[in-house]
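Engineer: Take any residue in the sequence shown, count from 1 to its spot, add 783: that is its number in the working numbering.
Using N, Cα and C, we set each Cβ at its ideal position, and we do this for glycine too.
Pasting in a structure now, in structure tokens, and then I'll have a few things to ask.
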Amino acid sequence: MLFVDVILPVPLQGLFTYTLPSALQKQAKVGCRVLVPFGTKKQAMALIARVHTTMPEGLAIKEVIDLVDEQPVILPAQLDLWKWISDYYLCSIGEVFKAALPTKLKKRPTSAPSLPSLTEEGSVGALPLLSTAQSSALDQIVTQWEQSPVCLLQGVTSSGKTEIYIHLIAKAIAQGQQVLYLLPEIVLTSQLTDRLHAVFGDRLGVYHSKFADTQRANVWMRQLSDEPYDIIVGVRSSVFLPFQRLGLVIVDEEHEVNFKQQEPAPRYNARNVAILMASKAKAKTLLGTATPSLESYYNARMGKYGLVQLTERYGQVQMPEVVIIDVKELRRKRLMQGPFSPPLLEAMGEALNAGEQVILFQNRRGFAPQVQCHICGWTPRCPHCDVPLALHKRSGRMTCHYCGFVSEIPQQCPACENKDLRGHGYGTERIEDELQRLFPEARVARMDLDTTRTRTSYEQILHDFASGQTNILVGTQMVTKGLDFQNVSVVGILSAETMLNQPDFRAYERSYQMLAQVSGRAGRRQRRGRVFLQTLNAELSLIRQVVSNDFEQMYQEQMLERRSFAYPPFTRMVIIYLKHRHADIVDALARDAAVRLRTHFGSRVLGPDEPPIARVQSLFIRRIILKLETQLPLPQVRKRLIAVRTELLAEHAYSSAQIFFDVDPL
Ligand code: ADP
Ligand code: ZN
Ligand code: ZN
784 MLFVDVILPV PLQGLFTYTL PSALQKQAKV GCRVLVPFGT KKQAMALIAR
834 VHTTMPEGLA IKEVIDLVDE QPVILPAQLD LWKWISDYYL CSIGEVFKAA
884 LPTKLKKRPT SAPSLPSLTE EGSVGALPLL STAQSSALDQ IVTQWEQSPV
934 CLLQGVTSSG KTEIYIHLIA KAIAQGQQVL YLLPEIVLTS QLTDRLHAVF
984 GDRLGVYHSK FADTQRANVW MRQLSDEPYD IIVGVRSSVF LPFQRLGLVI
1034 VDEEHEVNFK QQEPAPRYNA RNVAILMASK AKAKTLLGTA TPSLESYYNA
1084 RMGKYGLVQL TERYGQVQMP EVVIIDVKEL RRKRLMQGPF SPPLLEAMGE
1134 ALNAGEQVIL FQNRRGFAPQ VQCHICGWTP RCPHCDVPLA LHKRSGRMTC
1184 HYCGFVSEIP QQCPACENKD LRGHGYGTER IEDELQRLFP EARVARMDLD
1234 TTRTRTSYEQ ILHDFASGQT NILVGTQMVT KGLDFQNVSV VGILSAETML
1284 NQPDFRAYER SYQMLAQVSG RAGRRQRRGR VFLQTLNAEL SLIRQVVSND
1334 FEQMYQEQML ERRSFAYPPF TRMVIIYLKH RHADIVDALA RDAAVRLRTH
1384 FGSRVLGPDE PPIARVQSLF IRRIILKLET QLPLPQVRKR LIAVRTELLA
1434 EHAYSSAQIF FDVDPL
């Protein structure tokens, strides 16, 4: 008799065994999908991970209902990777399966995908020539790869890293290799894919979550065919695509937090998965950024990765001048005009008069982050989460940015009956209104989550700005990323504080990255750009480091702290999250969990404590932090953590709790 061990898209550990009916025994292969009965489901989609003859003990074994595929839909290397992800990130392989496959491939048999044939087969468009600095960097990268398969390219903003990537891609595909080009965000793809399409034409496939699922399924199937795309540009989930001859992985903006999936499991970091995937395929990896993550920079410094630096911008463009604006001082003198300082307003006026463009960065969407009664201080909060509701004037509502809860704006304060409730603080909507008032002639556009719900809407915003139809672009962190505009002479950072004040050991690193990246949007052509950095902490060394573009000093300073407080990269961190509908139960659970964890891990266990937002979607949240020596063998850690979770969930009192792990949290 033949058996198959299958992966089911469920959070349970392990594989599930079924018998194969004799009619299917010939065709059933590892990587093919099958329909099986599972739990209350008559038919569930599963994937064959093993075919064998070993009769499992005990239970009555059910039979496979049908075989979906004649050929596998995943390759052996992918199965390997899934296994690694589930081991490393402490989740089930079923959860990886669920995250990896486009929905269409998880649901029902697919018809054969339509494969457009390659029109310009074999041809690669003309490449724009490299500067001396760029070609030297390119040579260094290739040399460094001989020593280490991973190389970090640290190139200042606008140094032309993309041009270097394009040359490396052309080289790889000329050798018959496939390339994966990872980006942190969809927002970045349109400018980039236009550029890559011009060079590589139909050899380029794009893969991201704003595309229809059918389209994603087609890309997937095409990667299995005889005519796969040579280059895939995509966001984090593209690490799950099948590659038959992967030769090069490029991770652009490698420092970006978006590479990490937060929810649901697998809570993986696509940059790290990509590095692993490349190493298994004996491919090379290039990590590119102007502001490396401290982990990657540390790896480069330690000789684990190669390091290549590009310190000049392409075409003699100067780095922008960063002007620090001491908001505290200006407030004391009552000189601030709402969220704007006089020097910023003056520079904006000059730029607009000269026909130049302005980018303003404010990391809060909506009209105001909260509503507050200015008489008694009452603030409406989300009934399901531990946060105030944000005011959205365009939609005339208040919204929770954590769970999406929406409510009407109250007519009066329920505490003191004051009828004049106002927004407190400045979100991007309010900045937009203020700009219209101050610069009535200017055309202002806003780029944040609310204005970019569809792919066409953000493409429109970018297009209008690139073509000069918009004069001022105001936005959240979306405007800080990789965008390349030629006519931006002024960048305003309205408040450096939003990041700095986060209760997180990475707050300084993040702030540096964010401030340096947004500054990098200024001054791309002849004229030196100016950045106005408004801050309440003008005296901080971090602010000086941004001004002098001194990444190295920021790194040295932060590493001292990381070392003395035993933070990554000097330790490996795992956060254990515990959630429950009742505060007293989650507290008891967290205390109990910490006691049990300490019997295994001793003083490596910190907490329990409450995260900064201790209730989301009606669940109370507690966390326990594990700081592990980096050389501690992970399989043992994994075994113990999973055992503790199983013990706890077996207790009647905790049976409806959620316990999950976040490995290498960001
Ligand atoms: P980065 O990714 O390092 O911020 P980009 O790759 O976006 O920089 O390059 C910045 C600008 O310089 C872009 O407009 C790009 O087209 C231009 N550029 C860079 N290198 C070259 C080159 N070798 N030839 C022509 N234009 C270039
Ligand atoms: Zn009131
Ligand atoms: Zn909420």
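#1: Using 8 Å as the threshold, is the stretch 1092-1103 in touch with the stretch 982-996, meaning 3 or more CB pairs across them?
#2: Flag this pair as touching only if the stretch 935-949 and the stretch 1226-1244 have three or more C-beta atom pairs under 8 Å; answer yes or no.
#3: Just how far apart, CA to CA, sit P899 and L1077?
#4: Just tell me which of I868, R1355, A860 has its CA closest to the CA of L1029.
#5: Please check the pair N1146 and T1259, which I expect to be a contact at CB under 8 Å, by giving their CB distance rounded to whole angstroms.
#6: What residue range does the beta strand (DSSP E) around H835 cover?
#7: To which residues of the same chain is Y1437 closer than 6 Å at the C-beta, ignoring the five residues directly before and after it?
#8: How should I1425 be labelled, buried or exposed, when 16 other C-beta atoms within 10 angstroms of its C-beta is the threshold for buried?
#9: Report the option in T1382, R1355, V817, Y1209 whose CA atom is closest to the CA atom of T724.
#10: Using a threshold of 7 Å, is the CB atom of C1199 nearer than that to any non-hydrogen atom of ligand 3?
#11: Under 7 Å Cβ to Cβ from R1423, same chain only, skipping five residues before and after it: list those, please.
#12: Any beta carbon of chain D sitting closer than 8 Å to that of W1161?
#13: Which residues in the same chain as G1071 place their Cβ atom closer than 6 Å to its Cβ, once the five residues preceding and following it in sequence are excluded?
#14: Alpha carbon to alpha carbon, how far is I1033 from V962?
#15: With distance defined between alpha-carbon atoms, name the residue in P1171, A1134, E1200 nearest to C1159.
#16: Starting from the Cα of L1256, find the closest Cα among K1111, C874, F1144 and give me that residue.
#17: Hey, quick one: how far does the beta strand (DSSP E) through I1404 stretch, first residue to last?
#18: Provide the residue span of the alpha helix (DSSP H) that contains K1063, from first to last.
#19: Between which two residues does the beta strand (DSSP E) holding H1363 run?
#20: What's the C-alpha gap between K1362 and D1375?
#21: Which runs of the alpha helix (DSSP H) spanning at least 4 residues fall entirely within the stretch 933-970, listed in chain order?
#22: Taking 7 Å as the cut-off, does the CB of C1186 come closer than this to any heavy atom belonging to ligand 2?
#23: My output table needs one value for S1324: the three-state DSSP class, helix, strand or coil.
#24: So the beta strand (DSSP E) M1181 belongs to, where does it begin and stop?
#25: On the DSSP letters alone, give me the boundaries of the alpha helix (DSSP H) that D788 sits inside.
#26: What number of angstroms, rounded off, separates the C-alpha of P855 from the C-alpha of L1218?
#27: Does the beta-carbon of T1211 have 16 or more other beta-carbons within 10 angstroms, so that it is buried, or is it exposed?
#28: Mind checking who R1229 pairs with in its DSSP beta bridge?
#29: Using beta-carbon positions only, say whether S1272 and A1134 come within less than 8 Å of one another.
#30: Terminal residues of the continuous alpha helix (DSSP H) containing D863?
#31: Could you check where the alpha helix (DSSP H) with D1367 kicks off and where it finishes?
#32: Quick one: what's got a C-beta closer than 6 Å to I1142's C-beta in the same chain, skipping five residues either side?
#33: In whole angstroms, give me the CA-to-CA distance for S1331 and L798.
#34: Considering Cα atoms alone, identify which of Y1081, H1435, M1342 is closest to C934.
#35: Out of curiosity, what's the CA-to-CA distance linking T886 and E853?
#36: In this structure, how does DSSP classify V851 when only helix, strand and coil are distinguished?
Structural biologist: Quick answer:
#1: no
#2: no
#3: Because the pLDDT of P899 is 49, which lies under 50, any placement of that residue in the model is unreliable, and the question is left without a value.
#4: A860
#5: 5 Å
#6: 824-835
#7: L1372, L1431
#8: exposed
#9: Past the boundaries of the shown model lies residue 724; the chain is included only from 784 to 1449, so the question cannot be answered.
#10: no
#11: H1383
#12: No chain D appears in this structure, which consists of one protein chain only.
#13: L936, K944, D1035
#14: 8 Å
#15: E1200
#16: F1144
#17: 1402-1412
#18: 1053-1063
#19: 1354-1363
#20: 14 Å
#21: 944-957
#22: no
#23: helix
#24: 1180-1182
#25: First-last for D788: 786-790, but that is the beta strand (DSSP E), not the alpha helix (DSSP H).
#26: 56 Å
#27: buried
#28: V1257
#29: yes
#30: 859-871
#31: 1366-1384
#32: L1256, V1262, V1271, V1274, R1304
#33: 55 Å
#34: Y1081
#35: 19 Å
#36: coil
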